[in-house]
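With the first letter of the sequence shown counted as 1, position 244 gets the number 244 in the working numbering; the numbers rise by one all the way through. The beta-carbon is built from N, C-alpha and C at its ideal position, and this holds for glycine as well. On a predicted model such as this, the values are computed, not experimentally measured, just so you know.
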Amino acid sequence: FAELRAEIDEYAGAAKFANSPILDGANSFSATSIGSNIQSGDGINSLTFDSRAGDEFAASGDSIAVVYNSTSDIFTVTNLSTGRSADSNAVASAPGAGETSDVVIEEFGLTLQLNSSFSTSTDITANNTFQVSGSASNQVDLALRIGTSTGAVDEISVDLQRIRVATLAANLQHDDLLTSATAVNTADSIETAQETIASFQNATRAGLNRISRALDGIENTVSNYEAAKADLIDIADGTAQQLLHQLIAENVNSVLNSTDNVSDALSQFSTGGASAALASSSAAFTGGAAALTGGTSSLLSTIQTSEK
1 FAELRAEIDE YAGAAKFANS PILDGANSFS ATSIGSNIQS GDGINSLTFD SRAGDEFAAS
61 GDSIAVVYNS TSDIFTVTNL STGRSADSNA VASAPGAGET SDVVIEEFGL TLQLNSSFST
121 STDITANNTF QVSGSASNQV DLALRIGTST GAVDEISVDL QRIRVATLAA NLQHDDLLTS
181 ATAVNTADSI ETAQETIASF QNATRAGLNR ISRALDGIEN TVSNYEAAKA DLIDIADGTA
241 QQLLHQLIAE NVNSVLNSTD NVSDALSQFS TGGASAALAS SSAAFTGGAA ALTGGTSSLL
301 STIQTSEK
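So, in structure tokens, the structure goes:
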């Protein structure tokens with residue numbers, strides 16, 4: 001079970017959208033009175049329970065003892081209020097000067113941060129207690145990020161109550177069916193447990209529906225962005241084509257006007273005034289040629305720009 005919880009925590013921590021955490025559950029504890037009990041020379045920098053601990057191992061006000069065995073290189077952590085304890089894996093080495101290292105006790109989600117004052121050759125058996133501050137909770141809070149900002153408007157929360165066999169069976173452990181009275185009590189306890197499970201299932205189903213709707217909203221937003229992008233591309237392409245056609249029409253009109261001037265000069269030549277007509281024709285032809293050259297250059301420039 002502890003390995004499954006750790007795997008779920010790992011997946012939840014890796015889940016991100018737009019580089020923002022999607023699932024960000026928290027149920028943490030801190031240690032107080034470290035300075036007066038756990039000695040600074042022991043090299044224990046800090047102790048933290050994460051969401052895997054809950055009230056299964058520690059509650060606010062509990063006293064915790066930390067023991068280190070230099071022979072086995074193992075830390076043993078004991079809740080002096082409940083008697084429950086857990087061991088760490090063997091510590092390979094002490095941190096170097098100015099460095100820290102973490103010792104994680106997976107079963108209870110406890111992390112011991114060691115500093116360079118810690119020594120693997122020295123036992124920790126005295127002045128080794130601390131008191132827990134904060135409180136445990138039977139509730140798991142999930143924060144789902146549905147936008148790119150860090151504000152509350154881009155986040156939805158799903159709160160799930162934790163349900164455990166130990167809790168459900170608390171009223172059943174002393175029940176029996178030996179008499180009609182105890183049988184009735186047992187039936188009531190079973191019915192209460194069933195109602196608790198049903199309530200948890202409904203809350204879980206509602207939370208999943210909220211997450212599903214949020215994911216659908218994200219998919220719709222992405223689809224809308226893609227559709228808007230395609231529309232903008234179409235508008236830009238249509239505008240460019242319209243501008244190209246307008247420029248071509250203006251250049252064609254300019255060429256036609258120059259051609260009309262040439263026709264007028266030829267008509268004047270045919271009716272008399274040869275010298276003046278020739279001069280006018282020459283000017284008209286020159287102007288027409290210039291107009292044609294300019295129109296051709298403008299058209300080429302326009303077409304090249306359009307192709308780019």
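- Query: Should residue 135 go down as buried or exposed, given a rule of 16 or more other Cβ atoms within 10 Å for buried?
  - Reply: Confidence is the limiting factor: at residue 135 the pLDDT is only 48, short of 50, which leaves the residue's position unreliable and the question unanswerable from this model.
- Query: Would residue 103 pass as a contact of residue 91 if the rule is Cβ separation under 8 Å?
  - Reply: yes
- Report the partner residues of residue 124 according to the DSSP bridge assignment. 68
- Consult DSSP for residue 42 and reduce its assignment to one of helix, strand or coil. helix
- Query: If you check the beta carbons only, do residue 105 and residue 66 fall under 8 Å apart?
  - Reply: no
- For residue 85, the nearest candidate out of 229, 185, 108 and 44 (CA to CA): 108
- Message: Quick check: the Cα distance between residue 192 and residue 208, rounded to an integer number of angstroms?
- Response: 24 Å
- Task: Spatial neighbours of residue 111 within its chain, please: CB distance less than 6 Å, with the 5 preceding and 5 following residues excluded, ordered by chain position.
- Result: 48, 102 and 104
- Measure the alpha-carbon distance for residue 257 versus residue 245 and round it to whole angstroms. 18 Å
- Task: Report the residue from 80, 71, 68 and 119 whose alpha carbon sits nearest the alpha carbon of residue 93.
- Result: 119
- Leaving out the 5 sequence neighbours to the left and right, which residues in its chain are closer than 8 Å to residue 80 when beta-carbon positions are compared? 62, 63, 64, 65 and 129
- Message: Under DSSP, the beta strand (DSSP E) around residue 119 begins and ends at which residues?
- Response: From DSSP, residue 119 is part of no beta strand (DSSP E); its letter is neither H nor E.
- Just to confirm, are residue 45 and residue 115 a CB contact at a threshold of 8 Å? Taking 8 Å as the Cβ cut-off, residue 45 and residue 115 qualify as a contacting pair.
- Among all the DSSP beta bridges, which residues are the ones paired with residue 218? By DSSP's assignment, residue 218 forms no beta bridge with any residue.
- Item | Distance between beta carbons of residue 70 and residue 121, contact taken as under 8 Å | 5 Å
- Message: Which residues does DSSP list as the beta-bridge partners of residue 79?
- Response: Looking at the DSSP assignment, residue 79 forms a beta bridge with 64.
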